[in-house]
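Protein chains in written order, with this note's numbering: chain R, 197 to 833; chain A, 197 to 833.
Since the structure comes first, as structure tokens, the remarks are kept for the end.
2 protein chains.
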Amino acid sequence: MSTLSTALRTAIDGRWAHVREEARSELEPTRFAPPTEELTLEEYRARVAQQLRELATTGHPARGLSKDVGGEGDFGASVTAFEMLGHADLSLLVKAGVHWGLFGGAVANLGTQRHHTAYLPRILSAELPGCFAMTETGHGSDVQSLQTTATYDPETDEIVVNTPSVAARKDYIGGAARDGRLAAVFAQLVTEGESHGVHCVLVPIRDENGEPMPGVSIGDCGAKAGLRGVDNGRLSFDHVRVPRTNLLNRYGDIDAHGAYTAPIENPTRRFFTMLGTLVRGRISVAGGAGAATRTALTLAVTYAGHRRQFAAPGGEEVRLLDYRAHQRKLLPPLATSYALMFAQNELVSAMHDVQSSGGDPDPHAQRELEARAAGIKAVATAHASATIAVCREACGGAGYLAVNRLPALKADTDVFTTFEGDNTVLLQLVAKGLLTDYRDTFGNLDTLGVARFAARQFAGSVIERTAARGLVERLVAAAPGRDAQDAVLDRGWQCALFDEREQHLVDTLALRLRRAAEPGADAFAVFNDAQDHVIAAARAHVDRVVLEAFVAGVDACTDAAARAMLDRLCDLHALSTIEADRGWFLEHGRITPARSKQVTATVNGLCAQLRPHAQELVDAFGIPAEWLGTELVAPLE
Amino acid sequence: MSTLSTALRTAIDGRWAHVREEARSELEPTRFAPPTEELTLEEYRARVAQQLRELATTGHPARGLSKDVGGEGDFGASVTAFEMLGHADLSLLVKAGVHWGLFGGAVANLGTQRHHTAYLPRILSAELPGCFAMTETGHGSDVQSLQTTATYDPETDEIVVNTPSVAARKDYIGGAARDGRLAAVFAQLVTEGESHGVHCVLVPIRDENGEPMPGVSIGDCGAKAGLRGVDNGRLSFDHVRVPRTNLLNRYGDIDAHGAYTAPIENPTRRFFTMLGTLVRGRISVAGGAGAATRTALTLAVTYAGHRRQFAAPGGEEVRLLDYRAHQRKLLPPLATSYALMFAQNELVSAMHDVQSSGGDPDPHAQRELEARAAGIKAVATAHASATIAVCREACGGAGYLAVNRLPALKADTDVFTTFEGDNTVLLQLVAKGLLTDYRDTFGNLDTLGVARFAARQFAGSVIERTAARGLVERLVAAAPGRDAQDAVLDRGWQCALFDEREQHLVDTLALRLRRAAEPGADAFAVFNDAQDHVIAAARAHVDRVVLEAFVAGVDACTDAAARAMLDRLCDLHALSTIEADRGWFLEHGRITPARSKQVTATVNGLCAQLRPHAQELVDAFGIPAEWLGTELVAPLE
């Protein structure tokens, strides 16, 4: 690997660089490799289940649990190690994420001592495979409206878990179809005839022989577009009884007399506090999406560097990557992948700090973390879908063959845009966060929360602070005037455009949504009329956060050559983002038509400048060669 | 089905409406259904091979051959019937397209009487499964540079077919891995030490027992992203000898003395004339993409019409399709699918007329047909990929399950953007056509042809005529002034924008490319610098052609209610297309910022207006219920 690639790798490997390095060798690329042959659904599931057990022996999972419950408490390391697995097989990543992250995370974060002692050791060792049974057929995004019930029966001191309708069936549940023994079931908790909102109850779903427990019906979701190694299934409960102590009781408990108690009074706040502890799942999906995207870019860029088609006059056939159209397909997404990697590193770091702080985290930091995770997840997964599709196309017929990995990368990540939170819903969540302090004031996460909350606000958003905010403000202050010829390559000018767009969109959104509070207003109509605006504001916000993470990353880089390269990549990322939304900037008079054309010309110029370094730029991702061993990376004799 | 749906169906079913109706019943939706269970690769291939034999008995394939070679000569009917198959299983569509369309088409169009007599009956009946062996591992887009050789040996009066390198191996060949017996092999023809360019030779690849013929090595491409029922494989030839008469000799022949003769002198023109006869493959891919897109839209719109999520204040849970963001995802693509259906109908009609004219077609009409086919194929397949992805996302987890068909629609059509011509290359072909008369003047189809040709041109393009051109010109002439408030809903205003964009892009492109002729110019650099411009010009051209097809379709509709509905759909298609490229229109002063915002607001308004009719709009596609029988179309209990 070139010196430049090594220096770039150091810059993007981030705070847990040592974990990435360790994973590159210790995850044993041959042992955790993607399958090289077509497997049946059952063969694939068996393979991944076995890999999961092997993963349990590596010590990586223990990092994800805090020390007081028997883990190592290195959360950032845990998420980073799993992100590296995303270069190998996304089925394994998701299977591991469901078992340790979601199921184990529910037991650890929503349960108390008795659950930790009883279950965590066997969860860590993967002896007790688990399911995270939240989504129902009828309710996916709106999990607060789940219909499964968990009713306390004082006669027997048990909780009765029941599925009242097909719509209430737990659906798409990873691990349910084949391996899961114990499920963390989210259900409306009822005591003494009163509902306390959604809580989580542990329900055994299979016995030691793998047979369904009495009253539990298990269905199989069958083949999916991708993630074939994950055994998604359906769970229905016919008045299944479990001991009262199976309630994960950190945020809501039933005492020995059958009385319900909770440390948080408001049921909505309580529910979203519970959900908030599970934020790592969303962060891991963003990380997995990033890893898959970098794998696809490595394959497509490498291929385009040696594949030739059509001869130049009197010359050799031209390498694909020398065509501008091909550069345009691959290099701006490559720059954005760098940007997202810095943003992901920041997010993981923030998660680590919030969750390592001991005791209950600072509510403001926690809320910021959740909004950040939602936004990065939405943007990173959309970027993955779009970029992997482009990479497939850029490799033509070769990109369509399973042996060349792009089909699996595409199919496996496809669902990332809608699971762990549908991207549209997540961006609404981000927008809600932008309208500040909504939760304390308002405490309602349905889609109207935004409208009703914002209706009470004055316009006048404040740009939320990021790590790089001070630096960005200095850059913006020093930016050349609007008319300066070379402004487009000035970081301050670029940052100012991102800032202005976000502020304008948030300010005007708040104004629009105020109408919902006018007498006789149809709150839904007001919200719905502004829904695109809501999403655009969130998107602009995330764009700014991502750019600032890149700016901070460049600033932190001490190797001169790597820093210069990152600087150019940051230009390409910023300008191609501006170019993609130039309609907005022109409509709002933020750039002139001439400037807009200059942005496009500069993007073209940057692509040409970066082209000779493209291979080094993907080599810097440091993906083990065993995971890239396809026909795409090796030129024909 | 509603009266409106029926009237809309009549309008979009087009010239071969009777064939569509026939196909809806006679193709027997249960017999030609997509698989409902996960099959192994070999099971799927066997299933599709069997369906192909059954299809042979329906009489549809005979329509695709002209009467003088034993067919029925109803080419439009043939292509339309196969388009309908695209609603069922795209593996079957592609398998049939390879066997009858490409392989059969090569024998019929490139061969002469002796080949017709010897092979066509058994091709029609599917007793002789064939392959179309053009693409090589090293040459896909640039087929003129294929490396396989076909060398005439006067000693034995045979042709020796040889694969000189791995790069020259025939690759991704449908039918090669399992079923093919005879291959139409494209190779550089050499006689008396002289190469005559690419010709097609029939080479037996398997014997009666299915064993490879001596000297033929057959590889298997294995699993692919989709199209699992198509047995793509690899063919290598080690000096395989076939009789001289196996040369498909319509455009180039070797006489009994070993001398080469050809009706077209220029080898490049000869080759592209040969290719031109095979235009129907590209048209069928566009048709299949359209059918798959309509299937996906039918599933997603139906689902969004009954699926509810999040309650409105004090009300029921809201149907997904009542959310603006959801309307935005599905309704503009739905409008564009109508537009593309009209454009496809026009294209099929033009193909039918050109190919039914008897004798060699008019070169101008043929060239126009090829450019039109290339452009519609590129745009329709890109639309399919984007729209099917959106439909999957719009159905969330349910959209990811194989049982709900969206995964297969997505995976199967993914390769449509790059096979039968990579879309980027095809758009360059369209641009070349726009720079008029290039071929007679210039005769070179490599990517530099554009630059070298255009260098000799003056700027000043002429809008190519379409069926609706007269009508459009009247509409444009009658359009309200630029400042008129209601202009955006005026068809003439919309058409004028499409016209102006195309003209401006083509004019400025010609000017730019002239630089390639300046002394000392680097022609490749000039071309490459303008490559994005080339593609934008082509895209703008196709956009105009598609819009004009829609305008003609509205004009031809005699049912008042259907016509009014089509009118609104046409508005939505036109305005969402303008909105997507509003950056360009603003940059070039074609719309003001205020007008641009009005376009967006009008798109939103049209979505709301069309929403109550969404189900009727997809019902009008007339997809047999058996092919839609998924969990998405039926509300829970």
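Built from N, CA and C at the ideal position, the CB exists for glycine as well.
All of these numbers come straight from a predicted model, not from anything done at the bench.
Cβ neighbour criterion (16 or more within 10 Å) applied to residue i
| i | result |
| --- | --- |
| S201 of chain A | buried |
| L671 of chain R | buried |
| L431 of chain A | buried |
| M197 of chain A | exposed |
| E388 of chain A | exposed |
| N405 of chain R | exposed |
| H435 of chain R | exposed |
| A455 of chain R | exposed |
| P410 of chain R | exposed |
| K263 of chain A | exposed |
| P603 of chain R | buried |
| Q246 of chain A | exposed |
| S657 of chain A | For S657 of chain A, the predicted model reports a pLDDT of 47, less than 50, meaning its position is unreliable; a value from the coordinates is still stated below. Its Cβ being crowded by 16 or more others within 10 Å, S657 of chain A is buried. |
Integer Cβ distance of residue i from residue j, believed to fall under 8 Å
| i | j | result |
| --- | --- | --- |
| L782 of chain A | G779 of chain R | 6 Å |
| L625 of chain R | A733 of chain R | L625 of chain R to A733 of chain R, Cβ: 12 Å. No contact. |
| A383 of chain R | H395 of chain R | 7 Å |
| R531 of chain A | L824 of chain A | Note that residue 531 of chain A corresponds to Ala in the displayed sequence, not to Arg. Between L824 of chain A and A531 of chain A the Cβ distance is about 21 Å, and since that is not below 8 Å, they are no contact. |
| L743 of chain R | A535 of chain R | 7 Å |
| G418 of chain R | K291 of chain R | Their Cβ separation, rounded to whole angstroms, is 17 Å, which puts G418 of chain R and K291 of chain R out of contact at 8 Å. |
| G282 of chain R | A488 of chain R | 6 Å |
| A580 of chain A | T609 of chain A | 5 Å |
| V747 of chain R | A692 of chain R | The pair is not a contact, with the Cβ atoms about 12 Å apart (cut-off 8 Å). |
Same chain, Cβ closer than 7 Å to residue i, five either side skipped, listed in chain order
| i | result |
| --- | --- |
| A651 of chain A | Its pLDDT being 42, under 50, A651 of chain A is placed unreliably by the model, and nothing is read from it. |
| V265 of chain R | A304, H312 and L316 |
| C606 of chain R | Before going on, a small fix: residue 606 of chain R reads as Lys here, not Cys. For K606 of chain R, where only same-chain residues beyond five positions count, the Cβ hits under 7 Å are I584, A585 and R588. |
Proximity to residue i [Cα-Cα], best of the options
| i | options | result |
| --- | --- | --- |
| R205 of chain R | R:A830, R:A816 and R:E827 | R:A816 |
| S533 of chain A | A:C766, A:D353, A:S274 and A:T754 | A:C766 |
| V668 of chain R | R:L762, R:G749 and R:P603 | R:G749 |
| V215 of chain R | R:P257, R:T232 and R:A229 | R:P257 |
| L286 of chain R | R:L824, R:T313, R:V244 and R:T276 | R:V244 |
| A373 of chain R | R:A329, R:G336, R:A507 and R:S552 | R:A329 |
| P350 of chain R | R:R807, R:V684 and R:I450 | R:I450 |
| A757 of chain R | R:V275, R:H809 and R:F468 | R:H809 |
| N619 of chain A | A:A482, A:E239, A:D751 and A:A508 | A:A482 |
| G422 of chain R | A:E234, A:L802, A:D728 and A:L622 | A:E234 |
| D725 of chain A | R:D416, R:A804, R:K793 and R:R791 | R:A804 |
Residues near residue i by beta carbon distance below 6 Å, same chain, minus five either side
| i | result |
| --- | --- |
| Y315 of chain R | V303 |
| V738 of chain A | G571 and V575 |
| A655 of chain A | Reliability of the predicted coordinates at A655 of chain A is poor, the pLDDT of 36 falling under 50, and the value obtained from them is presented with this limitation in mind. Counting only Cβ-Cβ distances below 6 Å, and skipping sequence neighbours, we find D703, A706 and L707. |
| R437 of chain A | E354 and V356 |
| A277 of chain A | V215, A219 and H256 |
| G334 of chain A | A363 |
| V829 of chain R | T498 |
| A675 of chain R | D686, G688, W689 and A692 |
| T347 of chain R | V356 and V386 |
| A322 of chain A | L248, R249 and A252 |
Own chain residues within Cβ distance below 8 Å of residue i, not counting five before or after
| i | result |
| --- | --- |
| D642 of chain R | With a pLDDT of 41 at D642 of chain R, under the threshold of 50, the predicted position of this residue should be treated as unreliable, though the coordinate-derived value follows. Closer than 8 Å at Cβ, skipping near neighbours: D338 and Q340. |
| H547 of chain A | It is worth fixing the name first, because residue 547 of chain A is Met in this sequence and not His. So the qualifying residues of the chain are F271, G272, V275, V475, R476, I479, L565 and A569. |
| P230 of chain R | A284, D285, R601, A604 and W823 |
Mind pulling the beta strand (DSSP E) runs of 3 or more residues that sit fully within the segment 765 to 815 of chain R? For the segment 765 to 815 of chain R, not a single whole beta strand (DSSP E) run of length 3 or above is found.
Kindly provide the ranges of any beta strand (DSSP E) runs that are 3 or more residues long and lie completely inside the segment 409 to 454 of chain R, ordered along the chain. Runs of the beta strand (DSSP E) lying entirely within the segment 409 to 454 of chain R, each at least 3 residues long, are 412 to 416, 429 to 433 and 436 to 439 in chain order.
In chain order, what are the residue ranges of uninterrupted alpha helix (DSSP H) at least 4 long that sit wholly in the segment 564 to 642 of chain A? Listed in chain order, the alpha helix (DSSP H) elements of length 4 or more contained wholly in the segment 564 to 642 of chain A are 592 to 596, 602 to 610, 619 to 630 and 634 to 638.
Output the residue ranges of the beta strand (DSSP E) runs that lie fully inside the segment 685 to 718 of chain A and measure 3 residues or longer, sorted by chain position. DSSP runs (the beta strand (DSSP E)) wholly in the segment 685 to 718 of chain A: none.
As an exercise, report each continuous beta strand (DSSP E) stretch of at least 3 residues that is fully enclosed by the segment 715 to 745 of chain R, in chain order. Counting whole runs of 3 or more residues, the segment 715 to 745 of chain R contains no beta strand (DSSP E) stretch at all.
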